[in-house]
Each structure stands twice: as structure tokens, then as C-alpha cells.
Amino acid sequence: MGLFLKTGAGRRLRKYRIHINDRILQLGLPGNLARDLPHSNILGDIDLFDSEIYDDDIIKITHLLWDYKWPIWKNTGDNIGFLSFHMHIKKQPVGTPCGTLEEIEEILRNRLNERYPENNKWGKTPPKDYQNIEINGRKFLYFLWPAKDNMDSDRYHYYLPLSNRHFLHFRFEMGFGKHDKTWGKKYYEQALNDMARIRDSVKIIESANHSSALLV
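Residues -13 to 202 (my numbering) are what the sequence shown spells out, left to right.
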């Protein structure tokens, strides 16, 4: 296991339940949040049809970050890397259905290709390898946007349709200094493990009768 596992997102997951109309979104989040990085609260109750809670057609559920520090004997005072978790709900305009993974993929491909055309000034190439993966009995659309020299982190994206106009999107970003192949590699492997634990805790429960609660 090694001493380097004492930093980062920690081992214990706190379980949260989020009421989204007639569903419950359940997920587990570790402690040890980065103290010097901004975080948001976690929404407890979401009405997909309440227009007042949207910001540019997005409901932000949460944004959390964890940092990974150098071993204490190195005493550099700096973080070697980070893991961030973003989760939100996106509403599509009328006439742009997103009720299937195939429809979401088409939306994403069109949006990213429009935003980042060939030979764009940022040098970014949209990912092309979309996959369908299963998490707790639900099929999600997934793709990885790997870090390049002009990008600061690897980005792992997951999408799930909630209705014909709404989909759930969560992503992880991981950034680690490539100059240190020993510690950078160890912490990156730990961050991948932390990411997998959060990802695998995401569960949609179909239930019309329940009490809304954040922490269970």
C-alpha cells in the first residue's frame, strides 16, 4: 500500500441521496477535501421542471476537489496533483432529444466539433472514442479526454439520460506533474482508485415514495 496512500481523497465514503422528481440519485464521496480549493454544497432536492433553479440550462449538483501532497519527508509545501469531481444536470432545447445514449453522443459530437474545429487555435482535438459502460445496472455514455501539453488534466466524462430533455453529466479531472515519474505515477494510480470508488457508488433508484435526505 505504501505511505503515499495517507494523502488524497481518503478511504471512507459518505453516502448521499439526492431527490430528483420520482428518482433518488445515490452516491458516495470521500472526505479529506482540499482545504485551499473552492467547493460547492450538494443539492438535496431537484425539480427538473423548476426553471428558476437552472443556470444557462444547467443544474449544478456539486463540485468537489481533493489534493495529493508530497511525502512529508520531501517537505516541498506543494501539492503534487489533484482530483476534482463535477456533477450537474443539463436541459436540452425542444427538438433536441437526449433520451438515449445514442442521442446524447450525437449532441456531444456536434457540440465539441463545432467548438473545436480542425486546426483550432487551442490545439484541442475532441475525443472520438465513446463507449457505453454499466454502473450499478445503468448504461452510461463514457469518454476520456486525455491531457495534452496544452491541457492541465485528464478528464473522464459520464452521461445518463433522465428524460427526453434532461441528462445527468458527471466528470472527473486529474492533474499531476509529469516531471516526477515516481511519485506522480503513484499518486495518479491512487487518484484513479479514488475516482473508481466515487464512480461506482453512483446509483439511480426508481421510487415514488421516499423522504428526501442528503446524508444517510
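By construction, the Cβ of each residue, glycine as well, lies at the ideal position given by its N, Cα and C atoms.
Open item on the list: Can you tell me whether ILE191 is helix, strand or coil according to DSSP?
Closed with: strand
Task: DSSP-derived helix/strand/coil call for ASN96 - done: helix
Open item on the list: Let me confirm a value: VAL80 is counted as buried when at least 16 other C-beta atoms fall within 10 Å, else exposed. Which label applies?
Closed with: exposed
- [ ] Return the chain-ordered list of same chain residues with a C-beta closer than 7 angstroms to the C-beta of ILE90, the five sequence neighbours on each side being excluded.
- [x] CYS84, LEU127, TYR145, PRO147, PHE153
Open item on the list: Considering only heavy atoms of the ligand SAH, does any lie closer than 6 angstroms to the CB of PRO103?
Closed with: In the structure on display, the ligand SAH does not appear, and there are no ligands present to speak of.
Open item on the list: Mapping the DSSP letters down to three states, classify ASP180 as helix, strand or coil.
Closed with: helix
Open item on the list: I want to know whether the region 65 to 75 touches the region 30 to 45 - three or more CB-CB distances under 8 angstroms.
Closed with: yes
Task: Spatially closest choice to PRO113 from LEU13, TYR54, ARG183, ARG101, by CA coordinates - done: ARG101
- [ ] Could you check how far apart the C-beta atoms of PHE158 and LEU69 are, in whole angstroms? I think they sit under 8 angstroms.
- [x] 6 angstroms
TODO: Would you mind sorting ASP36 into buried or exposed? The rule is 16 or more other CB atoms within 10 Å of its CB.
DONE: exposed
Open item on the list: Quick check on GLU175: does DSSP put it in helix, strand or coil?
Closed with: helix
- [ ] Go ahead and pull the three-state DSSP assignment for ASN136.
- [x] Model confidence at ASN136 stands at a pLDDT of 48, short of 50, so the residue's coordinates are unreliable; what they give is reported in the following sentence. Three-state DSSP puts ASN136 in coil, outside helix and strand.
- [ ] With LEU(-1) as the anchor, note down where its beta strand (DSSP E) starts and where it stops.
- [x] -1 to 6
Task: Assigned exposure category for PRO132 - 16 Cβ within 10 Å defines buried - done: exposed
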